[in-house]
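Numbering (my numbering), first residue to last: 795 to 1126.
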Ligand SMILES: NC(=O)c1ccc[n+]([C@@H]2O[C@H](COP(=O)([O-])OP(=O)(O)OC[C@H]3O[C@@H](n4cnc5c(N)ncnc54)[C@H](OP(=O)(O)O)[C@@H]3O)[C@@H](O)[C@H]2O)c1
């Protein structure tokens, strides 16, 4: 098969190669997916560059956790009626060397989730990391129907997925952005209120929009920086959920008395440590949301597999608004 891979960590153009590799074979409990589209995430960049000193965990790595395609082989123990199934895959390269940037990827059967005929492979390849993270952030603390939710970073991949899922689940959703192109993406996802975090007082806007009450949930891309906004925006018993931090100190400072008096809770979500039951729930819910037509994340860039270096550089630029996808092979 054709695959993209790296044998050492470093800059995309220095270490990423595209070439021939042996076709993988599914073992017990696994399926092989003929990959149509592979999806990129910041964590794929971190694996390639050795984020926080993490070494190469395998001699050779085919990158990318997310993808979508068709099951073309099943291992022992997997029902043969899965053959030919359209699927989206998550965590394809988690704990294993070969991810979805290849013509074939092998994953545990449970990580190949049925994709409705009405949902494109492109959309399927956007789901994985961003969708599962967003789902956990939104639903780990219970149903959000009728709740008010703030998504900090509503044009980011996780933030955009969070808007889509929160609207699908019946919440009122506010989202922050930093420029007009991002505002369009947040609105297109269904945000009820879009706030430019550089130009407006986010907490004030939220208080005005919620008759002074504030929001029940916050899904935050950078809570260390946004903690004051969170304290000023949460309704009593509100929950702030953090999945990322850009603060180099890594310290989150929470003002104790306001948090105490508000009865606030703080949750941290790391997709690669989600409980199995939460992964299964997220996969079911996101598939249902997608099948209903409500899961349509913004797509910033589509490139063929051979142009994976450009795709990685675009992901690292921080300038893209929407998911970056690699078209691996046509769906036949
Ligand atoms: N914990 C987990 O399991 C998990 C899962 C997925 C991703 N992540 C991490 O989460 C981060 C974002 O991932 P992503 O795929 O969503 O990235 P992305 O598509 O690049 O989106 C990041 C978004 O956050 C916005 N942003 C940055 N600082 C902000 C702030 N202080 N307040 C509000 N918005 C802000 C950015 O807007 P600007 O253009 O204005 O900066 C951008 O729209 C990455 O570091 C990634 O590794 C963690």
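Quick reminder that beta carbons are idealized off the backbone N, C-alpha and C, glycines included.
A quick note: this is a predicted structure, and the numbers were derived from the prediction, not measured.
Compute the beta-carbon to beta-carbon distance between residue i and residue j, rounded to the nearest angstrom, for a pair I have assumed lies under 8 Å.
i: residue 948; j: residue 971; result: 6 Å
i: residue 829; j: residue 899; result: 6 Å
i: residue 961; j: residue 984; result: 4 Å
i: residue 1026; j: residue 997; result: 3 Å
i: residue 863; j: residue 822; result: Not really, about 21 Å apart at Cβ, beyond 8 Å.
i: residue 881; j: residue 923; result: Not really, about 16 Å apart at Cβ, beyond 8 Å.
i: residue 1035; j: residue 915; result: The pair is not a contact, with the Cβ atoms about 30 Å apart (cut-off 8 Å).
i: residue 1063; j: residue 934; result: 7 Å
i: residue 874; j: residue 883; result: Between residue 883 and residue 874 the Cβ distance is about 19 Å, and since that is not below 8 Å, they are no contact.
i: residue 1088; j: residue 958; result: 6 Å
i: residue 1021; j: residue 1046; result: 7 Å
i: residue 757; j: residue 951; result: Only positions 795 to 1126 of the chain appear in this structure, which leaves residue 757 out of reach.
Given 7 Å as the limit, tell me if residue i has its C-beta closer than that to any heavy atom belonging to ligand 1.
i: residue 975; result: no
i: residue 927; result: yes
i: residue 1064; result: yes
i: residue 991; result: yes
i: residue 836; result: yes
i: residue 946; result: yes
i: residue 972; result: yes
i: residue 1019; result: yes
i: residue 1038; result: yes
i: residue 1130; result: Since the displayed the chain opens at 795 and closes at 1126, residue 1130 lies outside it and no answer follows.
i: residue 924; result: yes
i: residue 919; result: no
i: residue 953; result: yes
i: residue 1015; result: yes
i: residue 833; result: no
i: residue 1029; result: no
i: residue 1032; result: no
i: residue 949; result: yes
i: residue 1112; result: yes
Looking only at its chain, what residues have a beta carbon closer than 7 Å to the beta carbon of residue i, apart from the 5 residues adjacent to it on each side?
i: residue 803; result: 809, 842, 843, 844 and 850
i: residue 1115; result: 949, 975, 976, 979, 1092 and 1094
i: residue 1038; result: 1015 and 1016
i: residue 1028; result: 1008, 1009, 1012, 1034, 1056 and 1058
i: residue 839; result: 1106, 1109 and 1110
Report all residues from its chain with a CB closer than 8 Å to the CB of residue i; omit the five preceding and five following residues, and keep chain order.
i: residue 814; result: 795, 796 and 797
i: residue 1061; result: 931, 934, 935, 1033, 1034, 1035 and 1036
i: residue 848; result: 840 and 841
i: residue 938; result: 932, 960, 963, 964, 965, 1010 and 1011
i: residue 891; result: 851, 852, 853, 854, 855 and 856
Using CA coordinates, which residue listed in the options is at the minimum distance from residue i?
i: residue 953; options: 1121, 937, 883 and 921; result: 921
i: residue 1023; options: 1000, 1080 and 839; result: 1000
i: residue 1123; options: 800, 827, 818 and 819; result: 827
i: residue 854; options: 1104, 887 and 865; result: 887
i: residue 910; options: 1084, 1102 and 1029; result: 1084
i: residue 852; options: 877, 800, 868 and 981; result: 800
i: residue 889; options: 905, 1036, 874 and 881; result: 905
i: residue 1112; options: 1040, 1056 and 884; result: 1040
i: residue 988; options: 965, 934, 969 and 994; result: 969
i: residue 1080; options: 1050, 963, 892 and 939; result: 963
i: residue 940; options: 955, 967 and 875; result: 967
i: residue 918; options: 955, 992 and 942; result: 955
i: residue 942; options: 816, 1018, 1030 and 1109; result: 1030
i: residue 1048; options: 981, 1071 and 1018; result: 1018
i: residue 876; options: 994, 1118, 1086 and 820; result: 820
i: residue 903; options: 885, 995 and 817; result: 885
i: residue 1121; options: 894, 878 and 824; result: 894
Closer than 6 Å by C-beta to residue i: which residues in its own chain qualify, once you throw out the five before and the five after it? Chain order, please.
i: residue 1103; result: 806, 807 and 810
i: residue 812; result: 798 and 1100
i: residue 1052; result: 1025
i: residue 986; result: 966 and 967
Would you say residue i lies against chain D (beta-carbon separation less than 8 Å)?
i: residue 836; result: The structure shown contains no chain D; it is built from a single protein chain.
I want to check one thing, is the minimum distance from the CB of residue i to the heavy atoms of ligand 3 below 7 Å?
i: residue 861; result: Inclusion of ligand 3 in the displayed structure is not the case, the ligand content consisting of ligand 1 alone.
(message) Within 8 Å, do at least three Cβ pairs link the segment 1058–1078 to the segment 1087–1101?
(response) no
(message) Contact between the segment 971–983 and the segment 1006–1015 is defined here as three or more beta-carbon pairs at a separation below 8 Å; is this criterion met?
(response) No: the two stretches stay apart, fewer than three of their Cβ pairs being nearer than 8 Å.
(message) For the pair the segment 854–861 and the segment 825–839, tell me if three or more CB-CB distances fall below 8 Å.
(response) yes
(message) I'd like to know if the segment 925–943 and the segment 1074–1089 are in contact, where contact means that at least 3 CB-CB pairs between them fall below 8 Å.
(response) yes
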